[in-house]
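Structure, as structure tokens:
2 protein chains.
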Amino acid sequence: MNEKRIGQRTVALSNPPSVLSFANIGGKFEGQGPLSGYFDELSQDSFFGEKTWEKAESAMQKKVVRRALEQAKLKPKDIGYILAGDLLNQCIGSSFGLRELGIPFYGLYGACSTMGESLSLAAMLIDGGFTERAIAVTSSHFCTAERQYRMPVPYGSQRTPTAQWTATASGCTVLGREGAGPYITHVTCGKIVDKGITDPNNMGAAMAPAAYDTLAAFFRDTGTAPKDYDLIVTGDLGELGHGIVRDFFSRDGVELGDNFQDCGLLLYDRESQDMHAGASGCGCSASVLNGYLLTQMQRGVWKKIVFAPTGALLSPTSSFQGESIPGICHAVCISAEK
Amino acid sequence: MNEKRIGQRTVALSNPPSVLSFANIGGKFEGQGPLSGYFDELSQDSFFGEKTWEKAESAMQKKVVRRALEQAKLKPKDIGYILAGDLLNQCIGSSFGLRELGIPFYGLYGACSTMGESLSLAAMLIDGGFTERAIAVTSSHFCTAERQYRMPVPYGSQRTPTAQWTATASGCTVLGREGAGPYITHVTCGKIVDKGITDPNNMGAAMAPAAYDTLAAFFRDTGTAPKDYDLIVTGDLGELGHGIVRDFFSRDGVELGDNFQDCGLLLYDRESQDMHAGASGCGCSASVLNGYLLTQMQRGVWKKIVFAPTGALLSPTSSFQGESIPGICHAVCISAEK
Numbered sequence: 000m001n002e003k004r005i006g007q008r009t010v011a012l013s014n015p016p017s018v019l020s021f022a023n024i025g026g027k028f029e030g031q032g033p034l035s036g037y038f039d040e041l042s043q044d045s046f047f048g049e050k051t052w053e054k055a056e057s058a059m060q061k062k063v064v065r066r067a068l069e070q071a072k073l074k075p076k077d078i079g080y081i082l083a084g085d086l087l088n089q090c091i092g093s094s095f096g097l098r099e100l101g102i103p104f105y106g107l108y109g110a111c112s113t114m115g116e117s118l119s120l121a122a123m124l125i126d127g128g129f130t131e132r133a134i135a136v137t138s139s140h141f142c143t144a145e146r147q148y149r150m151p152v153p154y155g156s157q158r159t160p161t162a163q164w165t166a167t168a169s170g171c172t173v174l175g176r177e178g179a180g181p182y183i184t185h186v187t188c189g190k191i192v193d194k195g196i197t198d199p200n201n202m203g204a205a206m207a208p209a210a211y212d213t214l215a216a217f218f219r220d221t222g223t224a225p226k227d228y229d230l231i232v233t234g235d236l237g238e239l240g241h242g243i244v245r246d247f248f249s250r251d252g253v254e255l256g257d258n259f260q261d262c263g264l265l266l267y268d269r270e271s272q273d274m275h276a277g278a279s280g281c282g283c284s285a286s287v288l289n290g291y292l293l294t295q296m297q298r299g300v301w302k303k304i305v306f307a308p309t310g311a312l313l314s315p316t317s318s319f320q321g322e323s324i325p326g327i328c329h330a331v332c333i334s335a336e337k
Numbered sequence: 000m001n002e003k004r005i006g007q008r009t010v011a012l013s014n015p016p017s018v019l020s021f022a023n024i025g026g027k028f029e030g031q032g033p034l035s036g037y038f039d040e041l042s043q044d045s046f047f048g049e050k051t052w053e054k055a056e057s058a059m060q061k062k063v064v065r066r067a068l069e070q071a072k073l074k075p076k077d078i079g080y081i082l083a084g085d086l087l088n089q090c091i092g093s094s095f096g097l098r099e100l101g102i103p104f105y106g107l108y109g110a111c112s113t114m115g116e117s118l119s120l121a122a123m124l125i126d127g128g129f130t131e132r133a134i135a136v137t138s139s140h141f142c143t144a145e146r147q148y149r150m151p152v153p154y155g156s157q158r159t160p161t162a163q164w165t166a167t168a169s170g171c172t173v174l175g176r177e178g179a180g181p182y183i184t185h186v187t188c189g190k191i192v193d194k195g196i197t198d199p200n201n202m203g204a205a206m207a208p209a210a211y212d213t214l215a216a217f218f219r220d221t222g223t224a225p226k227d228y229d230l231i232v233t234g235d236l237g238e239l240g241h242g243i244v245r246d247f248f249s250r251d252g253v254e255l256g257d258n259f260q261d262c263g264l265l266l267y268d269r270e271s272q273d274m275h276a277g278a279s280g281c282g283c284s285a286s287v288l289n290g291y292l293l294t295q296m297q298r299g300v301w302k303k304i305v306f307a308p309t310g311a312l313l314s315p316t317s318s319f320q321g322e323s324i325p326g327i328c329h330a331v332c333i334s335a336e337k
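Chains as they are written, first to last, in numbering that gives the first Met the number 0: chain B, 0 to 337; chain D, 0 to 337.
Here you go:
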């Protein structure tokens with residue numbers, strides 16, 4: 000009766016849930032990047048009409064869920080579960096953003112891997128027969144993240160070359176039991192991996208071992224290789240972390256070719272926008288998935304992709320106490336066919 | 000194909016997962032309370048042998064999972080998923096506490112409702128055929144919570160009469176597809192409910208509407224009444240919040256009798272221990288469930304209980320910004336028979 004579990008960590012969904020709709024929203028810098036045409040909404044106002052950046056982040060989640068529901072011609076009452084989380088302390092981006100909706104809510108904390116975690120759980124809750132439809136959503140905001148994790152924005156603190164830029168963005172996917180695809184066919188749950196990296200300005204290096212661990216498990220469990228996928232896209236490892244994952248696979252004799260990408264390297268222009276090692280934040284992979292990636296899948300550009308966002312499970316307190324940075328990566332296989 | 004969903008928000012598990020083992024751990028004050036005999040381990044040292052209180056909280060989670068695994072004669076590799084969260088910023092109690100285990104990990108944030116959320120998702124992941132066994136665990140620590148949410152402990156800040164005392168405790172349940180019970184038969188997912196309470200020293204009042212909302216949905220969906228259960232136990236509403244829920248049901252003509260209890264009122268002695276409105280924190284309901292409640296069920300004292308922990312989804316930042324306090328409550332029905 001455990002036929003859905005294949006290999007050690009991967010689940011093959013018996014009736015792969017379908018993407019019913021998706022939406023994303025971004026800020027000023029996201030609108031200046033190469034994916035600007037793939038956003039449903041771009042705001043020049045970092046406050047999104049609110050009085051604080053935290054309220055702005057909640058407003059983004061509310062807007063993006065409303066828009067995804069509209070696109071699917073659904074009401075909040077049609078949704079069985081909403082799975083959401085964000086980077087803010089106590090995940091207030093989600094709890095305040097979603098409180099008006101009245102949808103049964105499971106709060107998550109997966110740092111920047113949250114879009115992968117929420118998609119995974121939403122897909123399993125549908126496939127397990129617990130609901131017809133579920134929503135996965137997350138967000139991040141440059142200004143809320145900077146003042147919580149690093150320095151107040153007005154201080155104008157210097158950034159290291161390995162630092163990444165937290166995206167001001169949100170993304171939402173509505174999944175359902177029946178639909179025209181693309182479909183969530185496989186889910187690989189991440190393990191916490193900590194190789195002892197202690198520099199919170201080099202998150203890519205801290206998360207890379209987790210990305211390698213989960214992707215290797217996914218390929219092993221499914222009996223597939225990177226060449227079987229049109230795109231393998233990690234969350235927001237950025238330039239350094241992405242290169243480390245490529246190196247890890249190389250040592251195993253597996254070459255990740257041009258189809259190995261990273262949401263953190265896709266969101267901003269690597270030349271004209273000075274974002275150092277790339278983008279980060281829950282909203283990075285969420286907005287890249289729920290715009291560029293799913294749009295290209297609908298257009299038939301890609302048939303089968305692996306979406307594998309990564310998260311760094313640290314806090315400022317853990318760093319102050321000399322702790323290293325545990326990472327995690329949740330992988331989801333999305334396919335045009337069931 | 001949606002036969003598991005009954006009513007609007009409740010799931011009736013088709014093959015109710017069994018509790019395989021449970022464990023809890025507490026601190027000095029938990030050991031002075033009326034439930035002291037129901038703890039697996041009680042520590043006089045608030046640091047649990049570590050250098051900081053945050054590391055102490057992680058140590059509690061690690062210890063409690065190891066103990067629950069031992070009691071079930073299982074190894075980490077036998078577990079398909081571990082679902083965990085806590086009150087600390089970025090949930091570092093869980094990520095650092097569980098990183099060595101190597102068990103596939105989904106991080107949660109449900110504030111003090113986390114034990115209900117983790118049990119719910121663990122039960123559904125097993126019932127859905129995604130794993131044989133899963134673990135639900137959470138923790139809280141008085142000293143980490145005080146300095147993060149209120150005042151540094153050495154400051155000796157005066158507490159209001161409506162304030163609750165964050166438990167220094169952790170609790171863990173191991174669930175499996177096959178077992179001798181008790182069984183998780185029903186799960187009702189909470190909605191975020193916010194009635195405009197703004198006083199962070201009166202969490203009970205803020206969470207009470209959510210508890211009423213979820214319990215009312217549970218009784219409506221299952222077609223049962225409070226008298227059908229040996230015990231209905233909310234998480235940590237404390238004295239005020241618990242009374243409010245009783246009043247809400249009274250207005251509906253439903254009398255919650257003596258079998259309506261609250262983990263926050265059970266953990267400490269209401270006379271000799273000056274804990275004001277009662278206990279709180281993720282570890283309160285987690286340690287009461289994984290000690291007193293499940294032990295009494297195993298002894299046959301109760302046959303069928305509703306465990307409904309509540310959480311307040313605020314943060315210090317949201318309160319500073321004048322926001323009210325959203326609450327949530329996740330209910331789980333635990334029965335001696337399938």
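Positions of the beta carbon are idealized from the N, C-alpha and C atoms, including for glycine.
It should be emphasised that the depicted structure is a prediction, and the values quoted were computed from it without experimental measurement.
R176 of chain D classed as buried or exposed, judged by whether at least 16 other C-beta atoms fall within 10 angstroms: Result: buried.
When you compare the CB of M0 of chain D with every CB in chain B, is at least one pair closer than 8 Å? Note that M0 of chain D scores 43 on pLDDT, short of 50, meaning its location in the model is unreliable; the coordinates nonetheless yield the value given after this. Cβ-Cβ to chain B under 8 Å: yes for M0 of chain D.
Proximity of L107 of chain B and L87 of chain B at Cβ, strictly below 8 Å: No Cβ-Cβ contact shorter than 8 Å links L107 of chain B with L87 of chain B.
Taking the straight line between their C-alpha atoms, what separation do you get for P315 of chain D and S138 of chain D? P315 of chain D and S138 of chain D have their C-alpha atoms spaced approximately 19 Å apart.
Are the CB atoms of L266 of chain D and C283 of chain D nearer to each other than 8 Å? Yes. Within cutoff.
Would you say C332 of chain D faces chain B, with C-beta separation under 8 Å as the test? C332 of chain D does not count as touching chain B.
Starting from the Cα of S93 of chain D, find the closest Cα among D:A71, D:A55 and D:A121 and give me that residue. For the residues D:A71, D:A55 and D:A121, the minimum Cα distance to S93 of chain D belongs to D:A55.
Starting from the Cα of H140 of chain B, find the closest Cα among B:G115, B:G84 and B:V331 and give me that residue. Measuring from the Cα of H140 of chain B, the nearest candidate turns out to be B:G84.
How would you label G256 of chain B, buried or exposed, when you count the other beta carbons within 10 angstroms and need 16 or more for buried? Result: exposed.
In the DSSP output, what is S17 of chain D paired with across the bridge? Note: S17 of chain D sits in a beta bridge opposite D:G175 and D:Y182.
Exposed or buried, what is M0 of chain B when buried is set at 16 or more other beta-carbons lying within 10 Å of its beta-carbon? The pLDDT assigned to M0 of chain B is 43, lower than 50, so where the model puts this residue is not dependable; a value taken from the coordinates is nonetheless given after this. By the 10 Å Cβ count, M0 of chain B comes out exposed.
Would K190 of chain B pass as an interface residue toward chain D - the criterion being a Cβ-Cβ separation below 8 Å? Yes, K190 of chain B lies at the interface with chain D (some Cβ there is under 8 Å from its Cβ).
Under 7 Å from any heavy atom of the ligand ZN, does the C-beta of D193 of chain B make it? Ligands displayed in this structure: none; no statement on the ligand ZN is therefore possible.
Out of D:L313, D:D251 and D:K3, which one is the CA nearest neighbour of R98 of chain B? Residue D:L313 is the option with its Cα nearest to R98 of chain B.
Hey, which unbroken runs of the beta strand (DSSP E) at 3 residues or more fall wholly within the stretch 212-272 of chain D? The stretch 212-272 of chain D contains, as complete beta strand (DSSP E) runs of 3+ residues, the segments 230-233 and 259-261 (chain order).
I want to see whether chain D comes within less than 8 Å of T51 of chain B, judged by CB atoms only; does it? It does; some Cβ of chain D falls within 8 Å.
Buried or exposed: M150 of chain B, going by 16 or more other Cβ atoms within 10 Å of its Cβ? Around the CB of M150 of chain B, fewer than 16 other CB atoms lie within 10 Å, so the residue is classed as exposed.
Which residue wins for smallest C-alpha separation from Y286 of chain D, given the options D:T221, D:Y37, D:T9 and D:H329? Here residue 286 of chain D turns out to be Ser, not Tyr, going by the sequence shown. With distances taken between Cα atoms, S286 of chain D lies closest to D:Y37.
Can you tell me the Cβ-Cβ gap for V305 of chain D and C281 of chain D, rounded? I've got them flagged as a contact below 8 Å. That pair is no contact at about 19 Å.
In the DSSP assignment, find the beta strand (DSSP E) that holds C332 of chain D and state where it starts and stops. Residues A330 to S334.
Could you check if F95 of chain B is buried or exposed, using at least 16 other CB atoms within 10 Å of its CB as the buried criterion? With 16 or more Cβ atoms within 10 Å of its Cβ, F95 of chain B is classed as buried.
Are at least three pairs of beta-carbons, each pair with one atom in the stretch 192-203 of chain D and one in the stretch 318-325 of chain D, less than 8 Å apart? Yes: at least three Cβ pairs fall under 8 Å.
Where the stretch 262-280 of chain B meets chain D: residues whose CB sits under 9 Å from a CB there: None of the residues of the stretch 262-280 of chain B has a beta carbon lying less than 9 Å from any beta carbon of chain D.
Can you tell me the Cβ-Cβ gap for N201 of chain D and T161 of chain D, rounded? I've got them flagged as a contact below 8 Å. Right, the Cβ-Cβ distance comes to about 4 Å (below 8 Å), so this counts as a contact.
Run through the stretch 296-328 of chain D for me and flag every whole alpha helix (DSSP H) of 4 or more residues, listed as ranges in chain order. Here the runs fully enclosed are 315-319.
Tell me, to the nearest whole angstrom, how far the beta carbon of M296 of chain B is from that of A335 of chain B; I am working on the premise that it is less than 8 Å. About 6 Å; that satisfies the 8 Å criterion.
Residues bridged to F141 of chain B by DSSP? None; F141 of chain B has no bridge partner.
Below-8 Å beta-carbon distance, I327 of chain D vs any chain B residue: Interface residue, yes.
Can at least three beta-carbon pairs, one atom from the stretch 234-244 of chain D and one from the stretch 26-33 of chain D, be found at a separation below 8 Å? Flag = no, the stretch 234-244 of chain D and the stretch 26-33 of chain D do not touch.
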